[in-house]
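In what follows, a single structure is set out as structure tokens and then discussed.
Residue numbers (our numbering): 1239 to 1976.
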């Protein structure tokens, strides 16, 4: 909160002082000297940034930041008197723009240093919205103040607010000393030097910043020329401040309503392309029909999207750097490289002279050409960021989002449902994801989702489908996980994948969370063995899916007798028997029995077949759920048992398999039997599977059709020979089976 208030007020000061300096310059020199205004703005900003970088590397950043704010206060408070004394306005432009903008960059780095990991993703967008809100307040408020009191009131307001910023900076520094600066601390073992891939990314960021500065300068020149031709005096000052306020207001709405959704649902190349593409589109309109509305739209688009998308994309790309170089290059890219590009463009405009202003269409066409190069450079930078991000995980090439049946937003909605507290809704969503044949690797991109329920569901999905190439991403996501339920699911996924890297972190949280403690105990048994039978009994009640994985991984540690004894004890008394003895099963017993049936169906020894058969014959819902939840290995395990089951149990399986994603293999086994009722139920399930896009063997379907037809013929012969059927009943049956 302190940081957000600090950057809000700092941007308020920057916009206020910039409005004052630009209007004073235009009033003194006129529109013919516009390129010099741009050179002064950019040059002063660049020189001040380089000076700040040099001093910060040789002195305490705390002292440097406080000194910068003091210099900003002095220059703002003294600027009206200096202007009255005859000091050239260009000096004020250089000083005020340089001090205020560099101070904004320095304070933003202090805000970024106060948060890290998932907190940074939550808090930094809010701090960015605070910066924008400060600009909007300054622009709209300064317009009203200038209209009533005149232009000279602005620097005094800026100086007064700077004092408040200075106080907040001191208070925030004390808070950082007390609570630490997680965003400025590298993880243990992290190098503070840039690697080859990061250097390539940096070169792209520099080129993009330079080209962006060139295009912005060309837009500024033509916009200010149009503005100066329409307004004069205090009216010009009001117009300038209202423009800054209006653009910041639009930007604030975008940051609150649109930008978070763009960041979550769009890839970085898409985010990086929005600004240049929209600037090109508006500039083309201006080139076709030059006028104030077209250039104002171009300038507004450039100002708004620069901060809404380009700066956001740059912030994401800089996250691939260690904390030290990240903070340094954030300042240099925005305070040195971007102004350097702007200064080069302004110097070229000075060489061209008034011809540039006199031929707006030609200048706009040149700007469009440069913007196209800028757009291409932004895409190259985004791709290099993806390469640099994937390199530590051992991924040599970027995995494209290949969702053939569902798009990214649909996958996210289903993932959210999969983490629902309603077990039926969660089971439905997991079934949909499985039926859509979404690869587990496609879920890896969402492991850092903001919603804990979604992250938990994704970890659970990856536990059901272990993916070796995602271990690095799983470890990285688990390292920053701050939700106990999601952390427990991540430990489970890694343990089933054979990775013990999260056990130390889990043990450190075990005393604070029962879920994490249980996950750590189960992970230790899964990875290292021990009391496998005892842990299986606990998992039958708590997490049958993990129980199945435990048996598969540690099967050599269990004899058939031990496994049978454990599963029989967990299955306990069937609900029908409990009702007969007037002892209703408790919720704990029901959960343990349901888990035991799920384990029996997928990995149970032959001796446990009667337990599952009896549960299926009585239509027990837990047994039906165990069939529906079968995975490919479980289906292969159950197939040999089909012939040894009673017809009632086989019919129950046939009906249940209509809702099982992996039911095709079992349906083929059921179709091959000689029981007509089983074959009929299996045919109905086969039809459901075929309608869902599944494939089934042809031979068992033909055999089942033959058995069903023979049964129908026998039934019709018996019907015709029966004397107990009335003519009406025979007619109704004839209509029903026609």
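We treat Cβ as the ideally placed atom computed from N, Cα and C, and that holds for glycine.
Check: Taking the CB atoms as reference points, tell me whether residue 1726 and residue 1701 lie closer together than 7 Å.; Outcome: no
Check: According to DSSP, is residue 1326 helix, strand or coil?; Outcome: coil
Check: Within the continuous alpha helix (DSSP H) that includes residue 1792, where are the two ends?; Outcome: That residue, residue 1792, is in no alpha helix (DSSP H); it is neither H nor E in DSSP.
Check: Does the region 1507-1514 come into contact with the region 1578-1588, if we say contact requires no fewer than three beta-carbon pairs (one atom in each stretch) closer than 8 Å?; Outcome: no
Check: Following the continuous alpha helix (DSSP H) through residue 1863, name the residue where it begins and the one where it ends.; Outcome: 1859-1866
Check: Go through its chain and collect everything with a Cβ distance to residue 1442's Cβ below 6 Å, but skip five positions before and after it.; Outcome: 1618, 1619, 1622
Check: Could you tell me whether any non-hydrogen atom of the ligand COA is closer than 6 Å to the CB of residue 1831?; Outcome: Here there are no bound small molecules, and the ligand COA is not part of this structure.
Check: Taking the continuous alpha helix (DSSP H) assigned at residue 1719, which residues delimit it?; Outcome: Counting along the chain, residue 1719 falls outside any alpha helix (DSSP H), and DSSP gives it neither H nor E.
Check: Within its chain, find whatever has a CB closer than 8 Å to the CB of residue 1787; leave out the 5 residues flanking it on each side and keep chain order.; Outcome: 1701, 1734, 1764
Check: Please return the same chain residues whose Cβ sits closer than 6 Å to the Cβ of residue 1810, not counting the five positions on each side in sequence.; Outcome: 1827, 1831
Check: Quick test of your reading: residue 1446 and residue 1608, contact by CB under 8 Å. State the CB separation rounded to the nearest angstrom.; Outcome: Between residue 1608 and residue 1446 the Cβ distance is about 12 Å, and since that is not below 8 Å, they are no contact.
Check: When you compare only the Cα positions, how much space is there between residue 1262 and residue 1709?; Outcome: 60 Å
Check: Taking buried to mean at least 16 other C-beta atoms within 10 Å of its own C-beta, is residue 1530 buried or exposed?; Outcome: exposed
Check: Taking the C-alpha atoms as reference points, what is the distance between residue 1852 and residue 1879?; Outcome: 13 Å
Check: Work out the CA separation of residue 1691 and residue 1870 for me, nearest whole Å.; Outcome: 27 Å
Check: Pop quiz: residue 1516 and residue 1543 are said to be a contact at Cβ under 8 Å. What is the actual Cβ separation, rounded to whole angstroms?; Outcome: 6 Å
Check: Tell me whether residue 1257 sits in a helix, a strand or coil according to DSSP, three-state version.; Outcome: helix
Check: If you draw a straight line from the C-alpha of residue 1785 to the C-alpha of residue 1837, how long is it?; Outcome: 7 Å
Check: Excluding the 5 residues flanking residue 1884 on each side, which residues of the same chain have their C-beta closer than 8 Å to its C-beta?; Outcome: 1851, 1855
Check: Ordered along the chain, which non-local residues of its own chain (more than five positions away) have a Cβ less than 8 Å from that of residue 1872?; Outcome: 1786, 1839, 1840, 1841, 1900
Check: With 16 other CB atoms within 10 Å as the buried threshold, where does residue 1547 fall?; Outcome: buried
Check: Thinking C-alpha only, which one of 1894, 1867, 1569, 1374 is nearest residue 1699?; Outcome: 1867
Check: Please state if the CB of residue 1808 and the CB of residue 1829 are separated by a distance shorter than 7 Å.; Outcome: no
Check: In whole angstroms, what is the alpha-carbon distance linking residue 1805 and residue 1780?; Outcome: 14 Å
Check: Near residue 1635, which residues of its chain fall below 6 Å by C-beta distance, leaving aside the five closest residues on each side in sequence?; Outcome: Reliability fails at residue 1635, whose pLDDT of 44 lies under 50, so the model's placement of it is uncertain and no value is given.
Check: Please classify residue 1431 as buried or exposed, where buried requires at least 16 other C-beta atoms within 10 Å of its C-beta.; Outcome: exposed
Check: Under 8 Å by Cβ, that's how I've got residue 1304 and residue 1400 pegged, so tell me the actual separation to the nearest angstrom.; Outcome: Their Cβ separation, rounded to whole angstroms, is 12 Å, which puts residue 1304 and residue 1400 out of contact at 8 Å.
Check: Using a threshold of 7 Å, state whether the C-beta atoms of residue 1318 and residue 1390 are closer than that.; Outcome: yes
Check: Looking only at its own chain, which residues have a Cβ that is under 7 Å from the Cβ of residue 1861, when we skip the five neighbours before and after it?; Outcome: 1835, 1850, 1853, 1854
Check: Check whether the region 1710-1726 and the region 1734-1750 are in contact - that is, three or more C-beta pairs closer than 8 Å.; Outcome: yes
Check: Output needed for residue 1865: all residues of its chain with C-beta closer than 7 Å, excluding positions within five of it in sequence on either side, in chain order.; Outcome: 1839, 1891, 1894, 1895, 1898
Check: Assuming contact is defined by CB atoms lying nearer than 7 Å, are residue 1266 and residue 1331 in contact in what I supplied?; Outcome: no
Check: Sort 1539, 1770, 1339 by Cα distance to residue 1282 and report the nearest one.; Outcome: 1339
Check: Only counting the same chain, and skipping five residues up and downstream in sequence, which positions put a Cβ closer than 7 Å to that of residue 1456?; Outcome: 1583, 1601, 1605
Check: Can the beta-carbon of residue 1249 be found less than 7 Å from the beta-carbon of residue 1372?; Outcome: yes
Check: In whole angstroms, what separates the C-alpha of residue 1201 from that of residue 1254?; Outcome: The structure shown does not extend to residue 1201, since the chain spans only 1239 to 1976, so no value can be given for it.
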